[in-house]
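Structure record follows, encoded as structure tokens.
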Amino acid sequence: MLKAVLFDMDGVIVDTEPLHYKAYYAMFKDFNLEVTDEMYQAFTGKSTINICKNLCAYFNLEADPKELVERKRFHFKDLFFNDPSLTLISGVLDLIKDYYNNGLTLVLASSASMTTINNVFTKFDLDQYFVAKLSGADLKASKPHPEIFINAAEASGFDRSECIVIEDSTNGIKAAYDAGIYCIGYDSFHSKNQDYSLANKVVSDFKEIHYNKIQHLFL
1 MLKAVLFDMD GVIVDTEPLH YKAYYAMFKD FNLEVTDEMY QAFTGKSTIN ICKNLCAYFN
61 LEADPKELVE RKRFHFKDLF FNDPSLTLIS GVLDLIKDYY NNGLTLVLAS SASMTTINNV
121 FTKFDLDQYF VAKLSGADLK ASKPHPEIFI NAAEASGFDR SECIVIEDST NGIKAAYDAG
181 IYCIGYDSFH SKNQDYSLAN KVVSDFKEIH YNKIQHLFL
């Protein structure tokens with residue numbers, strides 16, 4: 001029986017990707033890095049520190065990865081509070097309320113930093129619906145490693161067989177798959193060039209996965 005839903009944040013709850021894109025490319029400019037769009041798209045779902053470690057290794061930088069992280073977060077913080085384009089993904093608040101009102105336990109499992117998570121949840125008043133928030137930045141391994149979803153299921157208080165994950169990225173879907181948790185891939189125009197082949201179900205509209213549409217999958 002379905003008991004809990006484990007939500008990704010970026011690209012599922014809120015569209016921070018345009019802000020991340022602007023912040024990352026501002027940081028790339030600061031460090032004179034020529035990062036292709038293809039390389040950037042491969043970063044989707046990974047934590048900032050792991051992305052910056054990869055960049056330092058790839059470009060053979062003398063800078064510490066933490067320096068890149070701080071510059072990226074500096075740019076992102078400025079954009080978060082000043083860029084008017086930041087909004088919730090269409091239909092996600094209705095979905096969250098639908099699950100909450102039907103007694104499901106909600107957990108946030110995101111690769112974003114806890115500071116960003118808390119800023120988003122405060123801005124859109126989401127804490128009232130979730131029992132826990134987990135940041136991949138606090139873990140040893142980021143998505144596609146399954147640790148964050150294993151921990152999120154534990155935080156929900158239910159077995160992984162009683163949980164579902166909602167993800168929009170290749171790395172996040174792989175993490176859910178390796179955690180052995182039923183995964184719904186959210187394929188939207190916000191998510192570019194992502195692989196949904198490991199998802200159990202793929203949707204492009206949250207109305208397709210309202211409680212009365214998916215509860216039968218776990219009866």
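Numbering-wise, the UniProt record's numbering puts 178 at position 178 of the sequence shown, and it's gapless, one number per residue.
Even glycine gets a Cβ: it sits at the ideal position worked out from N, Cα and C.
query                                                                                                                                                                              : result
Which term fits residue 21, buried or exposed, when burial requires 16 or more other beta carbons within 10 angstroms of its beta carbon?                                          : exposed
In this structure, how does DSSP classify residue 89 when only helix, strand and coil are distinguished?                                                                           : coil
Roughly how far, in whole angstroms, is the beta-carbon of residue 171 from the beta-carbon of residue 143, given that I think they are within contact range, below 8 angstroms?   : 4 angstroms
For the alpha helix (DSSP H) that residue 51 lies in, which residues bound it at each end?                                                                                         : 48-58
Per DSSP, residue 6 forms a beta bridge with which residues?                                                                                                                       : 107, 165
In the DSSP assignment, what residue or residues form a beta bridge with residue 132?                                                                                              : 107
Mapping the DSSP letters down to three states, classify residue 182 as helix, strand or coil.                                                                                      : strand
Is it true that the CB of residue 156 sits closer than 8 angstroms to the CB of residue 136?                                                                                       : no
Within this structure, are the beta carbons of residue 200 and residue 186 separated by less than 8 angstroms?                                                                     : no
Would you report the Cα separation of residue 64 and residue 19, rounded to the nearest angstrom?                                                                                  : 23 angstroms
Using only CA atoms, which one of 178, 179, 203 lies nearest to residue 189?                                                                                                       : 203
At a cut of 8 angstroms, does the segment 97-112 reach the segment 66-77 through at least three beta carbon pairs?                                                                 : no
Helix, strand or coil for residue 12, going by three-state DSSP, please let me know.                                                                                               : coil
For residue 53, collect the residues of the same chain with a Cβ closer than 8 angstroms to its Cβ; drop the 5 residues on either side in sequence, then sort them by chain order. : 65
Judging by CA-CA distance, which residue of 175, 210, 205 is the nearest neighbour of residue 45?                                                                                  : 175
Going by the CB atoms, is the gap between residue 120 and residue 14 shorter than 8 angstroms?                                                                                     : yes
Which residue's Cα is closest to the Cα of residue 210: 55, 93, 85, 58?                                                                                                            : 93
Put residue 35 into one of helix, strand or coil per three-state DSSP.                                                                                                             : coil
Looking at residue 9 and residue 117, is the spacing between their C-beta atoms short of 8 angstroms?                                                                              : yes
Closest to residue 30 by C-alpha separation, out of 82, 192, 69, would be which residue?                                                                                           : 69
Can the beta-carbon of residue 133 be found closer than 8 angstroms to that of residue 41?                                                                                         : no
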